[in-house]
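In this note's numbering, the protein residues as written are 1214 to 1510. Structure first, commentary second.
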């Protein structure tokens, strides 16, 4: 089975791929009872699929598939989940060849598992059971059929791993006007329940986790940041900046307005832009949707 993504946060959704391979069925049919589900760290089981699945006899492909003979199956798109799972770890090339050969012979099922906002953190295990004639067959990849729900927070100058499992993180120390160097990056695992003081890292540092989908600023993580409207078209002329917003609303920015626009880069905090004497311009630009307040996540 394939799971994507492997690392998640509460409120996200996991997609699960199951392949019912009928290539080995010849001259007979099968109709197994299939159970696919998820078991959470607290032992709660959620079943996603419990049905009998009919498998008709397969037919051997001709030696030359391009010989002009009639089609023997409905074409199936390459499941990207399978390839993503293959590329996520080290596998032999022969395994990839086998995967690609089995794609057309198999029947591909996709299930989604919505993770509740209050879901327990930790390791979730997939249930894959195929019952046929009194026998039960489990997933060939059962040892790896799992995903993680994780949460890291930055509070009171502390980085906290709330998960009961090790959580990979990346620390990036960077300023917009500097070139990022390898020594500005640290990748490591935070252990279950581990707490790291923020002062262990330089200023202008960001913490990335959840496969880098979540980015937290280590300095003032709750502070509002400001970004110029990314849907706007801009034209610089002389000392002015002409901005055209969706809906054909046009503005000409000069002096302090232009400076606020240039500083609104998505990293600079609003309080750094909204300096004394510029508060009214800052608020006016927000009201006109020239700039937008966001939180780094």
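Even glycine gets a Cβ: it sits at the ideal position worked out from N, Cα and C.
Alpha-carbon spacing of residue i relative to residue j, whole angstroms
i, j, result
"residue 1321", "residue 1363", "29 Å"
"residue 1442", "residue 1500", "12 Å"
"residue 1342", "residue 1367", "41 Å"
"residue 1402", "residue 1352", "29 Å"
"residue 1261", "residue 1327", "11 Å"
"residue 1236", "residue 1418", "53 Å"
"residue 1493", "residue 1479", "20 Å"
DSSP bridge partner residues for residue i (one or two, in chain order)
i, result
"residue 1342", "1248 and 1351"
"residue 1227", "1326"
"residue 1462", "1458"
"residue 1478", "1440"
"residue 1496", "Per DSSP, none; premise fails for residue 1496."
"residue 1371", "1368 and 1410"
"residue 1381", "1402"
Of the listed residues the options, nearest to residue i (C-alpha basis)
i, options, result
"residue 1388", "1251, 1493, 1482 and 1218", "1482"
"residue 1407", "1260, 1444 and 1381", "1381"
"residue 1404", "1397, 1372 and 1329", "1372"
"residue 1379", "1392, 1216, 1391 and 1361", "1361"
"residue 1357", "1338, 1343, 1348 and 1345", "1338"
"residue 1232", "1268, 1226 and 1220", "1268"
"residue 1473", "1458, 1503, 1244 and 1225", "1503"
"residue 1468", "1334, 1490 and 1460", "1490"
"residue 1448", "1229, 1254, 1463 and 1439", "1463"
"residue 1216", "1244, 1391 and 1359", "1359"
"residue 1444", "1323, 1459 and 1400", "1459"
Proximity below 8 Å, CB of residue i to CB of residue j
i, j, result
"residue 1374", "residue 1384", "no"
"residue 1437", "residue 1506", "yes"
"residue 1398", "residue 1248", "no"
"residue 1416", "residue 1394", "no"
"residue 1330", "residue 1224", "yes"
"residue 1271", "residue 1238", "yes"
"residue 1498", "residue 1475", "no"
Per-residue DSSP class, three states only, for residue i
i, result
"residue 1502", "coil"
"residue 1356", "helix"
"residue 1485", "helix"
"residue 1222", "coil"
"residue 1395", "helix"
"residue 1468", "helix"
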